[in-house]
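**Q** Structure provided below as structure tokens; questions to follow.
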Amino acid sequence: MNLTYEEAILELEKILDELESDDCTLKESIEKFKRGVILYNHCKDLISKAEGEIKILLEDEENTKEETFSMEV
Amino acid sequence: MDLRPLKVSEVNNYIKRLLLSDMVLSNISVEGEISNFKHHYSGHMYFNLKDEKGKIKAVMFKGDNEKINFKLDEGMKIVATGYISVYEREGEYQLYVKDIRSSGIGELYRAFEELKNKLEQEGLFSQDKKKQIPFMPRKIGVVTSSTGAAIRDIITIIKRRFPPCNILIYPTLVQGINAPEEICRGLEYLDSRDDIDLIITGRGGGSIEELFAFNDEKLARTISKLKTPIISAVGHETDFTIADFVADLRAPTPSAAAELAVPDVMYLLKELDNKYDELKSIINKKIKAYKLELENLDTKLNLYSPLNQLKDKKIEIDNFLRDLTYVMEKKLNEKKAEILELKGKLELLNPNIAIDKGYGIIIDNRGKLVKSIDSVKLGDEIGIILRDGKVLSRVENIDEGEKIDEFNL
Numbered sequence: 631m632n633l634t635y636e637e638a639i640l641e642l643e644k645i646l647d648e649l650e651s652d653d654c655t656l657k658e659s660i661e662k663f664k665r666g667v668i669l670y671n672h673c674k675d676l677i678s679k680a681e682g683e684i685k686i687l688l689e690d691e692e693n694t695k696e697e698t699f700s701m702e703v
Numbered sequence: 095m096d097l098r099p100l101k102v103s104e105v106n107n108y109i110k111r112l113l114l115s116d117m118v119l120s121n122i123s124v125e126g127e128i129s130n131f132k133h134h135y136s137g138h139m140y141f142n143l144k145d146e147k148g149k150i151k152a153v154m155f156k157g158d159n160e161k162i163n164f165k166l167d168e169g170m171k172i173v174a175t176g177y178i179s180v181y182e183r184e185g186e187y188q189l190y191v192k193d194i195r196s197s198g199i200g201e202l203y204r205a206f207e208e209l210k211n212k213l214e215q216e217g218l219f220s221q222d223k224k225k226q227i228p229f230m231p232r233k234i235g236v237v238t239s240s241t242g243a244a245i246r247d248i249i250t251i252i253k254r255r256f257p258p259c260n261i262l263i264y265p266t267l268v269q270g271i272n273a274p275e276e277i278c279r280g281l282e283y284l285d286s287r288d289d290i291d292l293i294i295t296g297r298g299g300g301s302i303e304e305l306f307a308f309n310d311e312k313l314a315r316t317i318s319k320l321k322t323p324i325i326s327a328v329g330h331e332t333d334f335t336i337a338d339f340v341a342d343l344r345a346p347t348p349s350a351a352a353e354l355a356v357p358d359v360m361y362l363l364k365e366l367d368n369k370y371d372e373l374k375s376i377i378n379k380k381i382k383a384y385k386l387e388l389e390n391l392d393t394k395l396n397l398y399s400p401l402n403q404l405k406d407k408k409i410e411i412d413n414f415l416r417d418l419t420y421v422m423e424k425k426l427n428e429k430k431a432e433i434l435e436l437k438g439k440l441e442l443l444n445p446n447i448a449i450d451k452g453y454g455i456i457i458d459n460r461g462k463l464v465k466s467i468d469s470v471k472l473g474d475e476i477g478i479i480l481r482d483g484k485v486l487s488r489v490e491n492i493d494e495g496e497k498i499d500e501f502n503l
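Sequences listed follow chains A and B, in order.
Start counting the first sequence at 631; every next residue gets the next number (the numbering used here).
Start counting the second sequence at 95; every next residue gets the next number (the numbering used here).
This is how it looks when you write it as structure tokens:
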């Protein structure tokens, strides 16, 4: 799924509104529910990803390289 | 006794120690005009400070003069802060300058206001130019000193609020004359990459001179040309720099910039789980409603089923049968009672009973009952039937009238 977190949340909210409105058939409701669960899982994945990297750019004659940055306390 | 003669170097060293231990000379600010200014290739600066009546030699080493954010020049009026000591090789005392302020901070403010008005009129601060700060940046580029408190605060807060975020630090000076150039280079470099969603530039708190790198005109113009959204975070809450006005968003401090840059993952999780619960609860409610409807239909179906009608008819028949039995039994009992009554009456009429009491039944010779004197004539033979036999008699006298009362029975 390529949706960003915000796009996925927006769609999830739309689904909640539609489900709440009572206008859909049982089959449509189940379809929407399934889509909602997919969106929920997608969002959860996006925010529970592994820790991001902290890098610092170092320059030495013409070359820039990225090195892991650690904070000296 | 004469004192031992001292060597020149011993004298100079003695004087040096005297000067350094002096309260006034060891921490002094001197106001004067720069003359004979030399910026040596080693990076050190040598000049004289003078006023109308005198002059003093001054030196400012590379490590100190890098922090100044304006260019020193002949004739410039400054306030130099440092200490006075002896240059032993020449036997000269001089001012060792640690910091320089342009005489009167008013000049800095004036420069700041002038630049601010100029850029504002050019439209560099216009709200329409402000880019949207992304809600959830994947990688944030930070242009600041790699050793200051600012970068530590930024990293700590981003990691706490949103751990998956990547951070790329472009280390620069954040004060001194070379700082703006370096910051510009950092910004342009990060902007040229396509994996940076957001840039933060800034530094921790400091004096107005220290923050002045962020009031640089070139820096302001560089910021305004960036394609990547940028948050500025210079000094404290009360510090405003030109960079703040040009940036897409001004954060009051580096920590605040980190807070504004990424969402709080705990909050997001809570919000997300609430939505999931809502989703489940709506669908469960729906399914429950459908189930209830189904049960209602089932009940109705049963109600109209022929099986049920059959059952009803059977009950109806049973009822009829019960009623019928009841009526029949009632009738039967009535008849029985009637018969019993008739039997009683009949028994009253049974002649055998009278015979038992001494009555007799009179019959004529043809066997017919004699009920009246009219049925017999004198001389007829009649029979009298008694309880245990029959008496044959002859009519000798017929007496008219009801005489039964004369018999005392």
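C-beta atoms are modelled at their ideal positions from N, C-alpha and C, and glycine is treated no differently.
1) Taking CB distances under 8 Å as the criterion, tell me whether L633 of chain A reaches chain B.
2) Is E215 of chain B buried or exposed, if buried means 16 or more other CB atoms sit within 10 Å of its CB?
3) What first and last residue would you give for the alpha helix (DSSP H) that runs through H330 of chain B?
4) Quick one: measure Cβ to Cβ for I293 of chain B and L320 of chain B, integer angstroms, because I've assumed they're closer than 8 Å.
5) Mind checking if E683 of chain A is an interface residue toward chain B, Cβ cutoff 8 Å exclusive?
6) Using a Cβ cut-off of 8 Å, pull out every chain B residue sitting near E636 of chain A, in sequence order please.
7) Name the chain B residues whose beta carbon is nearer than 8 Å to that of I668 of chain A?
8) Counting only beta-carbon atoms, is K674 of chain A nearer than 8 Å to chain B?
9) If I follow the unbroken alpha helix (DSSP H) through N427 of chain B, where does it start and stop?
10) What do you get for N159 of chain B, buried or exposed, if any count of 16 or more other CB atoms within 10 angstroms of its CB means buried?
11) Do I476 of chain B and I456 of chain B have their C-beta atoms closer together than 8 Å?
12) Mind listing the chain B neighbours of E696 of chain A? Cutoff is C-beta to C-beta under 8 Å, in chain order.
13) For the alpha helix (DSSP H) containing V659 of chain A, list its first residue and its last residue.
14) Can you tell me whether K101 of chain B is buried or exposed, with buried defined as 16 or more other CB within 10 angstroms of its CB?
15) Return the first residue and the last residue of the beta strand (DSSP E) that S453 of chain B is part of.
16) Please go through the same chain and pick out, in chain order, the residues whose beta-carbon is closer than 8 Å to the beta-carbon of T266 of chain B, but skip the five residues on each side of it.
17) Under 8 Å Cβ-Cβ, which residues of chain A neighbour Y384 of chain B?
18) Less than 8 Å between CB atoms is the rule here; does D96 of chain B satisfy it with respect to chain A?
19) Quick check on S659 of chain A - is its C-beta less than 8 Å from some C-beta in chain B?
20) Distance check for T250 of chain B and V703 of chain A, CA to CA, integer angstroms please.
21) Can you tell me whether M631 of chain A is buried or exposed, with buried defined as 16 or more other CB within 10 angstroms of its CB?
22) Assuming the contact rule is C-beta atoms closer than 8 Å, R297 of chain B and A244 of chain B should be a hit. Round their C-beta distance to whole Å, please.
23) Closest to E509 of chain B by CA distance: which of B:L166, B:H133, B:H134 is it?
24) For the beta strand (DSSP E) that I249 of chain B lies in, which residues bound it at each end?
25) Taking 8 Å as the CB-CB limit, is P265 of chain B close to chain A?
26) Run the CB neighbour count on S196 of chain B, radius 10 Å, all protein chains shown included, and call it buried at 16 or more, exposed below.
27) Go to I150 of chain B, then tell me how far its beta strand (DSSP E) extends in each direction, as first and last residue.
28) Excluding the 5 residues flanking K394 of chain B on each side, which residues of the same chain have their C-beta closer than 8 Å to its C-beta?
29) Would you say R259 of chain B reaches chain A, if we count a Cβ-Cβ gap shorter than 8 Å as a contact?
30) Please tell me whether L218 of chain B and S326 of chain B are closer than 8 Å, where the distance is taken between their beta carbons.
31) With 16 as the cutoff for other CB atoms within 10 Å, does I467 of chain B come out buried or exposed?
32) Give the straight-line distance between the Cα atoms of M117 of chain B and E696 of chain A, rounded to the nearest whole angstrom.
33) Should L687 of chain A go down as buried or exposed, given a rule of 16 or more other Cβ atoms within 10 Å for buried?
34) Grouping DSSP H, G and I as helix and E and B as strand, with all else coil, what is M230 of chain B?
35) Are I248 of chain B and D291 of chain B touching if we call contact CB-CB under 8 Å?
**A** Straight from the coordinates:
1) For the purposes of this step, residue 633 of chain A is identified with residue 3 of the first sequence, where counting begins at 1. Closer than 8 Å: no.
2) Along the second sequence, one-based indexing puts residue 215 of chain B at 121. The question names Glu, yet the displayed sequence has Gln at residue 215 of chain B. In the assembly as shown, Q215 of chain B is an exposed residue. Its beta-carbon has fewer than 16 other beta-carbons within 10 Å.
3) Along the second sequence, read from residue 1 onward, the residue named residue 330 of chain B stands at position 236. Taken as a continuous stretch (DSSP letters only), H330 of chain B belongs to no alpha helix (DSSP H), as it is neither H nor E.
4) Locating residue 293 of chain B in the second sequence gives position 199, counting from the first residue. Locating residue 320 of chain B in the second sequence gives position 226, counting from the first residue. That belief holds up - the Cβ atoms of I293 of chain B and L320 of chain B are roughly 7 Å apart, short of 8 Å.
5) Numbered from 1 along the first sequence, position 53 holds the residue referred to as residue 683 of chain A. Yes, E683 of chain A counts as interfacial toward chain B.
6) Position 6 of the first sequence, counted from the first residue, corresponds to residue 636 of chain A. The contacting residues are F229, M230.
7) Here residue 668 of chain A corresponds to residue number 38 of the first sequence, with the count starting at 1. Within 8 Å Cβ-Cβ: nothing; I668 of chain A doesn't reach chain B, min ~11 Å.
8) The residue you call residue 674 of chain A lines up with position 44 of the first sequence. Among the CB atoms of chain B, one or more fall inside 8 Å of the CB of K674 of chain A.
9) The residue labelled residue 427 of chain B in the question sits at position 333 within the second sequence. Counting along the chain, the alpha helix (DSSP H) containing N427 of chain B begins and ends at 400–443.
10) Residue numbering aside, residue 159 of chain B sits at position 65 when the second sequence is read from its first letter. Answer is buried; the Cβ neighbour count reaches 16.
11) Taking the second sequence and counting its residues from 1, one reaches residue 476 of chain B at position 382. Taking the second sequence and counting its residues from 1, one reaches residue 456 of chain B at position 362. Yes, they are a contact pair.
12) In the first sequence, residue 696 of chain A corresponds to position 66, counting from 1. Neighbours of E696 of chain A on chain B, chain order: L262.
13) Along the first sequence, read from residue 1 onward, the residue named residue 659 of chain A stands at position 29. Here residue 659 of chain A is Ser; the residue named in the question, Val, does not match the sequence. First-last of the alpha helix (DSSP H) with S659 of chain A: 656–677.
14) Indexing the second sequence from 1 puts residue 101 of chain B at position 7. Exposed, since its Cβ has fewer than 16 Cβ neighbours within 10 Å.
15) By 1-based counting over the second sequence, the position of residue 453 of chain B is 359. Correcting the residue identity first, residue 453 of chain B is Tyr in this sequence and not Ser. Note, Y453 of chain B: premise wrong, no beta strand (DSSP E); not H, not E.
16) Along the second sequence, read from residue 1 onward, the residue named residue 266 of chain B stands at position 172. Excluding residues within five positions, the ones whose Cβ falls inside 8 Å are V237, T238, S239, A273, E276, I277, R279, G280.
17) Along the second sequence, read from residue 1 onward, the residue named residue 384 of chain B stands at position 290. Those within 8 Å of Y384 of chain B in chain A are L656.
18) Taking the second sequence and counting its residues from 1, one reaches residue 96 of chain B at position 2. No, because no Cβ of chain A sits closer than 8 Å to the Cβ of D96 of chain B.
19) Residue mapping note: residue 659 of chain A aligns to position 29 of the first sequence, counting from 1. So yes, S659 of chain A belongs to the interface.
20) Position 73 of the first sequence, counted from the start, is the residue given in the question as residue 703 of chain A. Position 156 of the second sequence, counted from the start, is the residue given in the question as residue 250 of chain B. Unreliable positioning characterises V703 of chain A in this predicted model, as indicated by a pLDDT of 49, which lies under 50. The coordinate reading is nonetheless provided below. In this structure, the alpha-carbon of V703 of chain A lies about 12 Å from that of T250 of chain B.
21) Within the first sequence, the letter at position 1 stands for residue 631 of chain A. With fewer than 16 other Cβ atoms within 10 Å, it is exposed.
22) If you number the second sequence from 1, residue 297 of chain B lands on position 203. If you number the second sequence from 1, residue 244 of chain B lands on position 150. A Cβ-Cβ distance of about 5 Å is found for the pair R297 of chain B and A244 of chain B, placing them in contact under the 8 Å criterion.
23) The shown model of chain B, from 95 to 503, leaves out residue 509 of chain B, and the question about it has no answer.
24) Position 155 of the second sequence, counting from 1, holds the residue named residue 249 of chain B. Here I249 of chain B belongs to no beta strand (DSSP E); instead the alpha helix (DSSP H) covers 243–255.
25) Here residue 265 of chain B corresponds to residue number 171 of the second sequence, with the count starting at 1. Yes, because at least one Cβ of chain A sits closer than 8 Å to the Cβ of P265 of chain B.
26) For the purposes of this step, residue 196 of chain B is taken as residue 102 along the second sequence, with counting starting at 1. With 16 or more Cβ atoms within 10 Å of its Cβ, S196 of chain B is classed as buried.
27) Against the second sequence, residue 150 of chain B aligns to sequence position 56. 149–154 is the span of the beta strand (DSSP E), which, as asked, contains I150 of chain B.
28) Taking the first residue of the second sequence as 1, we reach residue 394 of chain B at position 300. In its own chain, leaving out the 5 sequence neighbours on each side, no residue places its CB closer than 8 Å to the CB of K394 of chain B.
29) As a working mapping, residue 259 of chain B is identified with position 165 in the second sequence. The displayed chain sequence assigns Cys, not Arg, to residue 259 of chain B. So yes, C259 of chain B belongs to the interface.
30) Translated into positions along the second sequence, residue 218 of chain B becomes position 124. Translated into positions along the second sequence, residue 326 of chain B becomes position 232. No, the pair does not count as a contact, with Cβ atoms beyond the cut-off.
31) The sequence position of residue 467 of chain B within the second sequence is 373, counting from 1. I467 of chain B should be labelled exposed.
32) By one-based count along the second sequence, residue 117 of chain B stands at place 23. By one-based count along the first sequence, residue 696 of chain A stands at place 66. Computed Cα separation, rounded: 48 Å.
33) For the purposes of this step, residue 687 of chain A is taken as the residue at position 57 of the first sequence. L687 of chain A should be labelled buried.
34) Position 136 of the second sequence, counted from the first residue, corresponds to residue 230 of chain B. M230 of chain B falls in the coil class under three-state DSSP.
35) Within the second sequence, the letter at position 154 stands for residue 248 of chain B. Within the second sequence, the letter at position 197 stands for residue 291 of chain B. Contact: no.
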